[in-house]
Every structure is written in C-alpha cells, then in structure tokens.
Amino acid sequence: MRGNEEKYQIEAEKLEILSRGRGGILRGCLDGMSYKETIDYYRRINKCTCGGTPKVDEIEIMGDSEITISCQSCGRKLVFTMYDFDKENHLNWRENCLKKWNEGFTDKEYKQIKDEEWERKRLHEEDLTWLPAYPNNMPCNGEEGIYCLIFRNTEYGKIYGCKWTIEYQRKEIQPMTISWDSPIEAYILHKKVYIGIEGPLHYPEPNNKGGNGVYGDDITLNFGDVSDYGDFVRAYKTLEEAKQGALDRCGIQGLNRETMIKI
Ligand SMILES: [Zn+2]
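Residue numbers for the sequence shown, in this note's numbering: 487 to 749.
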C-alpha cells in the first residue's frame, strides 16, 4: 500500500495543482484529500474550451477555502468559495466548480447566475417586522428603539434566531442627561444571535408588571431579554438606513426567503 501511495504522490506532484494553507504550499494534494483522490479529481476536469490545460489552485485562510480552476492558455477561470455548493444537486464547492468549468462557464457568467439567484431569494423590507423595544419589556419605560426577530431552521434540526435592534440615541440636554422628548441623533444597530431556540418564536407580550428577566438564555426568548441587544453593529443617521443595514446583513447569516421561518 505504502508503495502505491508513493506512486500516486509522484504522479500527483506532476499535475497543475497547488494547495496553500496552514501547512504551507502543497503540490498535487488538495486539503483533506489523498493524492489518489486529487488525481481522480484533476482527471475529471476537461480541457478548457480553447483547448488549454487547466490548473487548480486552492487556498485556505482562517478556515475559509477557495478553489480556482483556470486555463493556462486563455486565462478563463472560475473561483469558488466553500459556500458555493450546489444544494439541489448535492455537489460540494469543489465538485460544483468542476461541473461549471466542464460546462464552459466563465467567472462572470457564474457570478451573474449567483446574483440572479440571490435577487430571487433575498429578503425585502416587508419580510422584516419591527416592534417597539421597551426597556425590560415594560411600555411604561418608554420606547427605546425597535427590534425584529428572524428565524431559520438549521441543518441540525434546531432553530436559529437573529434579533436586530435599532436603539434610538437621544440628544443630551446636558452632559449625561437626556429626556424622552430629546430629538433622536443616531439610530444604533445591534445584533443578537440565538442558537437552538425551542420555545415560542416571540418574546412574552410587553406589560408594566414585569416578568422573568433572565438574560443569556439561547433556548427561550425571555421577558427581559428584549433589553439585551447583543453586539453593536453600526450607528446610522436615519431610521431607514439602519433598517436597510439590518436587511443587508441577513444574507451572511443564511437568512433569506428560502430559509426563513414564516411566523
Ligand atoms: Zn482556455
């Protein structure tokens, strides 16, 4: 067996395959694959539409990987990240890249398809429902901002939730003093993520008597947790910009019209 492995290594190292990652530069071996598997992968890559020889480059940075198949003659290339998998056809990003390459795609054409696909499924303003955020969920405390909750299923059968809060920053009438009728000078966007929610997909109804105020529970949406905004994202000058800022950031968290749970 050992002899075979060496034979494959010698063969693979002659191929146009470079892999850069934590272990430095490897020739002829893609991350997580054996030399033999890498050879099999390379053999399935067709010659370029111009007849040129394809070259494979893979790079891994901070856990994110990217593969490039390019032509050494005409320069046609396809760059796929590990998120460019084809869910419908059960192809991982490497296989998807290979398939699109063999179908003759250019990077520009592939990006256009991705853009059109994204345009079809991205969330729009009307998909987000904003509700008033009262300190400790008690309306008598005044409206401190607005929030919205969005959910999706995960691969592990659990529900992932994201809360966007836009906090109103009011002008100080004097240092460290604001009043509720002070004009709003900034709209501050915050994000809190819930992993593995089990309970109802909303906070308890606001009321002035108060309720369970335990913070930091990722499983249920507690009464007082309305006031836990999570992490600061960005400050905006207008409410419209802040809402747009939240909307624009949903995609990175896998929240779109196909994945979102309708409530
Ligand atoms: Zn070519």
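Think of the CB as a built atom: it goes at the ideal place given N, C-alpha and C, for glycine as much as any other residue. Since this is a predicted model, take the numbers as computed values, not measurements.
Taking a cut-off of 5 Å from the heavy atoms of ligand 1, the residues with a C-beta inside it are C534, C536, G538, C557, S559, C560 and R562. Per DSSP, reduced to three states, the secondary structure at W616 is coil, with no helix or strand assignment. Relative to the Cα of Y620, the nearest Cα in the group G631, H610, L614 and Y528 belongs to G631. Taking 8 Å as the cut-off, the Cβ atoms of C583 and I553 count as close. Sequence-distant partners of E497 (beyond 5 residues in either direction) whose C-beta falls short of 7 Å from its own C-beta, in its chain, are I525. Here the alpha carbon of K563 sits roughly 13 Å from the alpha carbon of N532. Within the segment 667-720, there are no complete alpha helix (DSSP H) runs of at least 4 residues.
Sixteen is the threshold: when 16 or more other Cβ atoms of the shown chains lie within 10 Å of the Cβ of R580, as they do, the residue is buried. The straight-line gap separating the alpha-carbon atoms of K500 and D543 is approximately 14 Å. As computed with DSSP, G631 is found in a beta bridge with A619 and E653. Three or more beta-carbon pairs separated by less than 8 Å link the segment 674-681 to the segment 642-658, which places the two stretches in contact. Per DSSP, the continuous alpha helix (DSSP H) segment holding T524 begins and ends at Y521 to R529. Close CB contacts of T535 within its chain, under the 6 Å cut and outside five residues either way in sequence, are with G590 (chain order). Going by beta carbons, D593 and E546 fall outside the 8 Å limit. Counting along the chain, K500 sits inside no beta strand (DSSP E), nor does DSSP assign it H or E at all. By the 16-neighbour rule on beta-carbons within 10 angstroms, S665 is exposed. In the three-state scheme derived from DSSP, where H, G and I count as helix and E and B as strand, Q739 is classed as helix. The beta carbon of N578 is closer than 7 Å to those of F571 in its chain, skipping five residues each way along the sequence. Here Q655 is near I670, since their CB atoms are less than 8 Å apart. Counting along the chain, the unbroken alpha helix (DSSP H) around I599 starts and ends at D593 to K607.
For E684, the closest C-alpha among the options N693, K522 and T640 is that of T640.
Beta-bridge pairing by DSSP links T567 to E552. Across the set N693, G489, H610 and T539, the C-alpha of T539 shows the shortest separation from the C-alpha of Q558. If the five residues before and after R530 are omitted, its C-beta is found closer than 7 Å to the C-beta atoms of L584, all from its own chain and listed in chain order. The continuous beta strand (DSSP E) containing R513 extends over residues G510 to R513. When rounded, the separation of the alpha-carbon atoms in E605 and G507 is 33 Å. In terms of Cβ geometry, Y521 and Q495 form a close pair [threshold 8 Å].
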